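Residue numbers (my numbering): 2 to 240.
For every residue, glycine included, the Cβ atom is placed at its ideal position computed from N, Cα and C.
Fair warning: this is a prediction, and the values are worked out from it, not measured in the lab.
Next comes the structure, spelled out in structure tokens:
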């Protein structure tokens with residue numbers, strides 16, 4: 002009986018400690034506030050972030066990582082690496098120093114790297130409309146009963162896809178019913194030799210673009226570097 006009384010007293014003491022000690026501490030932590038940067042509108046990958054797009058807001062600090070962006074200087078002039086939506090915290094891996102927009106890439110072309118558009122003749126040819134700027138793709142060439150991925154076309158960078166109305170993917174907006182227009186062409190960054198090969202197959206064969214990689218730009222560049230090595234060995238890098 003005495004043991005039960007002691008256990009009961011201990012339970013009461015622990016309950017009081019939780020009520021008057023831990024609970025206020027948890028509430029204090031949960032009610033802590035910090036100021037962070039958030040966007041005022043939806044920012045698509047590759048789009049530049051301007052001062053008009055962002056605002057500093059106060060939110061609860063509980064569960065927020067230390068790396069959350071709090072200073073507008075970390076955002077203005079940068080580009081969205083992923084889709085950024087209002088009311089969400091922004092972290093460094095969500096932004097990029099460089100843009101994947103078509104115009105940005107076009108301005109970097111130098112003759113050894115050029116742009117070419119190929120036809121997306123069917124829904125399946127262009128990855129069912131899911132290609133994004135900066136994707137690394139392989140070109141599967143289908144003619145009659147044969148298909149192959151030429152070594153020269155193993156790793157290609159998607160600059161953009163464009164609808165039949167001439168709208169690039171990074172400028173595309175949803176229709177009133179929520180749908181978006183499908184791409185009619187895919188524009189790729191290639192060497193002159195690759196451009197000749199793609200132009201030939203675009204005219205005579207069917208080209209299916211298969212997704213190889215999407216994500217970190219440094220990893221994407223490794224695929225392109227591997228392709229450059231192959232082209233250099235075949236002597237087709239700048240022909």
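The DSSP-derived three-state label of residue 87 is coil. For residue 41, the secondary structure class from DSSP, reduced to helix, strand or coil, is coil.
Between residue 162 and residue 184 a beta carbon distance of about 4 Å is seen, short of the 8 Å cut, so the two are scored as contacting.
Residue 148 sits in a strand when the DSSP states are folded into three classes.
Residue 79 is not a Cβ neighbour of residue 121, given a cutoff of 9 Å.
When the beta-carbon positions are compared, residue 77 and residue 40 stay at least 9 Å from each other.
The alpha-carbon separation between residue 219 and residue 13 amounts to approximately 59 Å.
Distance from the CA atom of residue 186 to the CA atom of residue 100, rounded to whole angstroms, is 21 Å. Each of 206, 136, 66 and 59 was checked against the Cα of residue 82, and the nearest Cα belongs to 136.
It is roughly 14 Å from the alpha-carbon of residue 226 to the alpha-carbon of residue 214. Membership of residue 234 in any beta strand (DSSP E) is not indicated; the residue belongs instead to the alpha helix (DSSP H) covering 218 to 235. Per the Cβ contact rule, the stretch 99 to 116 is in contact with the stretch 168 to 184 (3 or more Cβ pairs under 8 Å). Contact check for residue 189 and residue 160: beta-carbon distance about 6 Å, within the 8 Å limit, so the pair qualifies. Assigned with DSSP and collapsed to three states, residue 82 falls in coil, not helix or strand. Assignment of beta-bridge partners to residue 131 by DSSP yields no partner. When the five nearest sequence neighbours on each side are left out, the beta carbons in the same chain lying within less than 8 Å of the beta carbon of residue 191 are those of 114, 115, 116, 117, 157 and 199, in order along the chain.
Secondary structure note for residue 59: its beta strand (DSSP E) is the uninterrupted segment 55 to 61. For residue 215, no beta strand (DSSP E) encloses it, and the DSSP letter there is neither H nor E.
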